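Trainee:
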Ligand SMILES: [Zn+2]
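Numbering (our numbering), first residue to last: 63 to 392.
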């Protein structure tokens, strides 16, 4: 089992204090920014609570009966509750439903099978739908013995206040940038670039560190640039972009625009999202009309909301890229 991330030492110590002082909360709500390893920390804590012979640092031993059962995925005192796969579409559902919580509560009515704690992991906790949240709340009013519920979320505002108020809140702070860079540098020579692209999130940056991601971004940037130079047709590019994940693409385009705005205000801006593309970006910034650029940015912000809906993606990209082409027409 993988160890803790280097920036999680303090968090781990805090969790250990609960154990040492024998005051492990019945419901623990781990929150903080996306992509900093909350889920990982929650799992480590769950395994440690279930382990019969934890190591000196409090982590699970990996060898006892309990650890073996966890590895095999059939520990009777551990449950991992998350949105299930839809049997028809084979896609993950967007919420944790009432049936899942009912099954959970039925199991919790029985006694734990081992001498240690029983641990329930619920993530992302903000996906509990209304009915599920209400059923869950009833349980929280009268929780069963030796049972620890660990809820994980990066969207605290989506969680009902009634649930939040019944949990012990545990906030993971954003890790120190230098610590993340040091860790990322072991995997990639582009640590700075990918961390900026991931907006500071280490795990997302790690995902972006693949060559494929960076090559794809560069290809898209070149296509976007060639529309600006009237060398490519927006409709053709829109068709190619249809195959790519729209959230990532939309972030790329928005952050290229933000970098252009930065160049409009300063000759050598710091903290660019795309420092490796700065030559092309600074040249382009000289040519664009700033007022039109802000209007274009507004369109991107609206599009960010629209991709959450059932909008036709082809239409969306055509609209964005045609606007981009006309912005650059001189
Ligand atoms: Zn163990």
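Built from N, CA and C at the ideal position, the CB exists for glycine as well. Computed from a predicted structure; not experimentally measured.
Are residue 104 and residue 214 touching if we call contact CB-CB under 8 angstroms?
Mentor: The residue given as residue 104 occupies position 42 in the chain shown. The residue given as residue 214 occupies position 152 in the chain shown. Yes. Within cutoff.
Trainee: If I follow the unbroken alpha helix (DSSP H) through residue 242, where does it start and stop?
Mentor: The count along the chain shown starts at 1 and reaches residue 242 at position 180. 239-247 is the extent of the alpha helix (DSSP H) around residue 242.
Trainee: What is the C-beta distance between residue 234 and residue 182, in whole angstroms, given that I count them as a contact (C-beta under 8 angstroms)?
Mentor: As a first step, residue 234 is located in the chain shown; it is residue number 172 there, counting from the start. As a first step, residue 182 is located in the chain shown; it is residue number 120 there, counting from the start. Not really, about 20 angstroms apart at Cβ, beyond 8 angstroms.
Trainee: CB residue 112 to CB residue 178, shorter than 8 angstroms?
Mentor: As a working mapping, residue 112 is identified with position 50 in the chain shown. As a working mapping, residue 178 is identified with position 116 in the chain shown. Closer than 8 angstroms, so yes.
Trainee: Do residue 160 and residue 197 have their C-beta atoms within less than 8 angstroms of each other?
Mentor: The residue given as residue 160 occupies position 98 in the chain shown. The residue given as residue 197 occupies position 135 in the chain shown. It is a contact, given that the beta carbons lie within the stated cut-off.
Trainee: Do you know how far the Cα of residue 375 is from the Cα of residue 309?
Mentor: Translated into the one-based positions of the chain shown, residue 309 becomes position 247. Translated into the one-based positions of the chain shown, residue 375 becomes position 313. Each residue's alpha carbon lies about 11 angstroms from the other.
Trainee: Using only CA atoms, which one of 370, 333, 200 and 273 lies nearest to residue 171?
Mentor: As a working mapping, residue 171 is identified with position 109 in the chain shown. When only C-alpha atoms are compared, the closest one is 200.
Trainee: Starting from residue 382, follow the alpha helix (DSSP H) in both directions and report where the run begins and ends.
Mentor: Here residue 382 refers to the residue found at position 320 of the chain shown. Here the alpha helix (DSSP H) through residue 382 covers 375-389.
Trainee: For residue 298, count the other beta carbons within 10 Å of its own beta carbon; 16 or more makes it buried, fewer makes it exposed. Which is it?
Mentor: Working through the chain shown from its first residue, we reach residue 298 at position 236. Answer is exposed; the Cβ neighbour count stays below 16.
Trainee: Given this structure, state the Cα-to-Cα distance separating residue 263 from residue 304, to the nearest angstrom.
Mentor: Here the question's residue 263 lines up with position 201 in the chain shown. Here the question's residue 304 lines up with position 242 in the chain shown. Taking the straight line joining both Cα atoms gives about 26 angstroms.
Trainee: In angstroms, rounded to a whole number, what distance separates the CA positions of residue 134 and residue 316?
Mentor: Residue 134 sits at position 72 when you count from the first residue of the chain shown. Residue 316 sits at position 254 when you count from the first residue of the chain shown. The alpha-carbon atoms of residue 134 and residue 316 are separated by roughly 44 angstroms.
Trainee: Thinking residue 337 and residue 254 are a contact (beta carbons under 8 angstroms), I'd like their distance in whole angstroms, please.
Mentor: The residue you call residue 337 lines up with position 275 of the chain shown. The residue you call residue 254 lines up with position 192 of the chain shown. Indeed they touch by this definition, with Cβ atoms about 7 angstroms apart.
Trainee: Within its chain, find whatever has a CB closer than 6 angstroms to the CB of residue 288; leave out the 5 residues flanking it on each side and keep chain order.
Mentor: The count along the chain shown starts at 1 and reaches residue 288 at position 226. The residues are 294.
Trainee: Count the other CB atoms within 10 Å of the CB of residue 391; is the residue buried (16 or more) or exposed (fewer)?
Mentor: Residue numbering aside, residue 391 sits at position 329 when the chain shown is read from its first letter. Label assigned to residue 391: exposed.
Trainee: For ligand 1, which residues count as neighbours when the test is a C-beta closer than 5 angstroms to any heavy atom?
Mentor: Cβ-based neighbours of ligand 1 within the cut-off: 113, 122, 123, 126 and 129.
Trainee: Return the chain-ordered list of same chain residues with a C-beta closer than 8 angstroms to the C-beta of residue 162, the five sequence neighbours on each side being excluded.
Mentor: Walking along the chain shown from the start, residue 162 turns up at place 100. Hits under 8 angstroms: 143, 146 and 194.
Trainee: Per DSSP, residue 180 forms a beta bridge with which residues?
Mentor: To locate residue 180, count along the chain shown from 1; it is residue 118. Its beta-bridge partners are 209.
Trainee: Anyone know if the C-beta pair for residue 321 and residue 349 falls short of 8 angstroms?
Mentor: The residue you call residue 321 lines up with position 259 of the chain shown. The residue you call residue 349 lines up with position 287 of the chain shown. Not a contact, by the Cβ cut-off of 8 angstroms.
Trainee: So if DSSP puts residue 230 in a beta bridge, which residue, or which two residues, is it bridged to?
Mentor: Within the chain shown, numbered from 1, the residue matching residue 230 stands at position 168. Paired residue(s): 90.
Trainee: Only counting runs of 4 or more residues, tell me where the alpha helix (DSSP H) segments fall wholly within the region 136-189, in order along the chain.
Mentor: With a minimum length of 4 residues, the continuous alpha helix (DSSP H) runs that stay inside the region 136-189 are 160-170.
Trainee: Give the single residue among 290, 326 and 325 whose Cα lies nearest to the Cα of residue 394.
Mentor: Outside the displayed range of the chain (63 to 392) lies residue 394, so it cannot be described from this structure.
Trainee: Where does residue 307 land, buried or exposed, given buried means 16+ other C-beta within 10 angstroms?
Mentor: Along the chain shown, read from residue 1 onward, the residue named residue 307 stands at position 245. Classification of residue 307: exposed, given that the 10 Å Cβ count is below 16.
Trainee: Just how far apart, CA to CA, sit residue 280 and residue 92?
Mentor: To locate residue 280, count along the chain shown from 1; it is residue 218. To locate residue 92, count along the chain shown from 1; it is residue 30. Spanning the two alpha carbons is a distance of roughly 36 angstroms.
Trainee: Quick check on DSSP: helix, strand or coil for residue 350?
Mentor: The sequence position of residue 350 within the chain shown is 288, counting from 1. Coil, per DSSP.
Trainee: Among 94, 250, 246 and 318, whose alpha-carbon lies nearest the alpha-carbon of residue 219?
Mentor: The residue labelled residue 219 in the question sits at position 157 within the chain shown. The candidate whose alpha carbon is nearest that of residue 219 is 94.
Trainee: Jot down the residue ranges of each uninterrupted alpha helix (DSSP H) in the region 73-136, minimum 4 residues, whole runs only, in chain order.
Mentor: Runs of the alpha helix (DSSP H) inside the region 73-136: 100-112 and 127-134.
Trainee: Figure out for me which residue from 107, 73, 230 and 272 has the closest Cα to the Cα of residue 248.
Mentor: Position 186 of the chain shown, counted from the start, is the residue given in the question as residue 248. The shortest C-alpha separation from residue 248 is found at 272.
Trainee: Thinking residue 318 and residue 358 are a contact (beta carbons under 8 angstroms), I'd like their distance in whole angstroms, please.
Mentor: Taking the chain shown and counting its residues from 1, the one referred to as residue 318 is at position 256. Taking the chain shown and counting its residues from 1, the one referred to as residue 358 is at position 296. Not really, about 11 angstroms apart at Cβ, beyond 8 angstroms.
Trainee: Can you find the residues in the same chain that come closer than 7 angstroms, C-beta to C-beta, to residue 340, ignoring five residues on each side of it along the sequence?
Mentor: Here residue 340 refers to the residue found at position 278 of the chain shown. Once the five neighbours on either side are set aside, the close Cβ partners of residue 340 are 334.
Trainee: In terms of residues, what are the limits of the alpha helix (DSSP H) holding residue 236?
Mentor: For the purposes of this step, residue 236 is taken as residue 174 along the chain shown, with counting starting at 1. No alpha helix (DSSP H) contains residue 236, which DSSP labels as neither H nor E.
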